[in-house]
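Below is one structure, written out as structure tokens; the observations come after it.
In mature numbering (1 follows the signal peptide of the UniProt record, and there is no 0), the protein residues as written are -19 to -1, 1 to 416.
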């Protein structure tokens, strides 16, 4: 049995979790989904122009990130920002990074981890590709694409592309037990985070991570809350598509998972990591998601698996899971070591007004909308989506195993014209191209 203390069989539980009808409302392309977040980012602040692709110094992205006060960061350059292993740290609140303003080919940040340790941040239309860049296997220095840390809250990461992280591609984390009460813990770690319409793929497996194999999509860490994963595509990540850890509270809505290795979505409270702390009940809503096996997927891999010891309140509606030949695979997986109780959450715990597509529409409708620049695809994103459509893909250990490798775009320049943009939400007045 998946959960020894649960009276229902896995089959009966799956039926009970899937009984409700989804809300069939189309998502809006090109506009950031707010979820539980309450942020305006840098709205109303000064406009800062990025005028160089240099990793630091005057006119750089790093300088703009480190500035204080409300600010909207726009780009008068396009191309690759090679950080050479140095991190990008967002510690000043009220920030909008508007990658949509860059001239083609957009902004591609390589060889860096980006962390968010503040509040009221909106990041849109950027590509993040850390990679191992020649470092020794298991040598340490692992990097996320983006991770919320240290009490990050009211953050939106929308329409971005992530690949080749050596830890997770896109995560919400932080100190799990800061403070005296569980309410303190939740305030101290990431909360009210929305990750929407992102392309999240090819987390590196046997690379620099000290633990060895570490091809991961998203980690939603212990005691995070208000985390919404909405309309993303996860492809060719071995695990954590996504992983919600002990006491986490969040939702996955309208995501596509393709070619996972041996786990799709899972929940896990690890007792050894909670020594001396009272276990918290997690809460997870899974609505309108679709998983399809690929060439690297272990046969029988289920859509959702519960691991560890803690209890979980779970609502599941209108989720689909198929193998590479289109045959159904289990929605719920089995794990003999799991001792926590799975509690059916009768109603979805979702932000009010969230638009939800039927899971059966996702394979057609979602891929054209996701990633950093749907109107002008980077070759890496274009290849990934084309391969996914054909059922191709594999888990990789280094960026050099992708035939295209790191992006190599010639620098471009274009003056930013404020009159061409709605500065309230950084949408183009002429409309989103091809969306």
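Ideal placement from N, C-alpha and C gives every residue a C-beta, glycine not left out.
The Cβ neighbour count for residue 96, taken over all protein chains shown within 10 Å, is at least 16; the residue is labelled buried.
The bridge partners DSSP lists for residue 52 are 27, 76. A distance of 8 Å or more separates the beta carbons of residue 289 and residue 313.
Going by beta carbons, residue 216 and residue 16 fall outside the 8 Å limit. Assigned with DSSP and collapsed to three states, residue 166 falls in helix.
Apart from the 5 residues on each side of it in sequence, residue 403 sits with its Cβ closer than 7 Å to the Cβ of 410 in its chain, given in chain order. Non-local C-beta neighbours of residue 208 in its own chain, meaning closer than 6 Å and more than five positions away in sequence, comprise 153, 174, 201, 231, ordered along the chain. If you draw a straight line from the Cα of residue 267 to the Cα of residue 395, it is about 42 Å long.
Counting along the chain, residue 264 sits inside the beta strand (DSSP E) bounded by residues 263 to 268. Residue burial is scored here from C-beta neighbours: residue 356 has fewer than 16 other C-beta atoms within 10 angstroms and is therefore classed as exposed.
Residue 121 and residue 190 have their C-alpha atoms spaced approximately 5 Å apart.
It is roughly 6 Å from the alpha-carbon of residue 58 to the alpha-carbon of residue 83. Each of 296, 256, 117, 102 was checked against the Cα of residue 70, and the nearest Cα belongs to 102.
Close CB contacts of residue 379 within its chain, under the 7 Å cut and outside five residues either way in sequence, are with 113, 185, 188 (chain order). When the Cα atoms are used, residue 273 and residue 350 turn out to be separated by approximately 19 Å. Judged by DSSP in its simplified three-state form, residue 81 adopts helix. Between residue 192 and residue 221, the gap from beta carbon to beta carbon reaches 8 Å or more.
Inter-residue distance for residue 47 and residue 87 is about 21 Å (C-alpha atoms, whole angstroms). Here DSSP, grouped into helix, strand and coil, assigns residue 382 to helix.
Beta-carbon to beta-carbon, residue 62 and residue 89 are separated by about 7 Å, close enough to satisfy the 8 Å threshold. Remark: C-beta atoms of residue 80 and residue 353 approach each other more closely than 8 Å. Boundaries of the beta strand (DSSP E) around residue 288: 285 to 289. Cα atoms of residue 148 and residue 50: separation of roughly 31 Å, rounded to the nearest angstrom. With respect to residue 146, residue 124 sits close: the two C-beta atoms are nearer than 8 Å. Per DSSP, residue 294 is one residue of the beta strand (DSSP E) stretching across 293 to 298.
Of the residues assessed, residue 318 falls on the exposed side of the cut-off, its CB having fewer than 16 other CB atoms within 10 angstroms.
Scanning 118, 263, 94, 100 for the CA closest to the CA of residue 111 turns up 94. For residue 161, DSSP records no beta bridge to any residue.
Each residue's CA atom was taken as its position, placing residue 400 and residue 407 some 11 Å apart.
Between residue 270 and residue 315, the CB-CB gap reaches or exceeds 8 Å. DSSP, read as helix, strand or coil, puts residue 93 in coil.
Nearest neighbour of residue 253 by Cα position, chosen from 226, 245, 68, turns out to be 226. Annotation: the stretch 306 to 346 contains the following complete segments of the alpha helix (DSSP H) (minimum length 4 residues), in chain order: 343 to 346.
Counting along the chain, no beta strand (DSSP E) covers residue 363; the unbroken alpha helix (DSSP H) around it starts and ends at 360 to 370.
In the three-state reduction of the DSSP assignment, residue 34 falls in the coil class.
In this structure, the alpha-carbon of residue 181 lies about 30 Å from that of residue 260.
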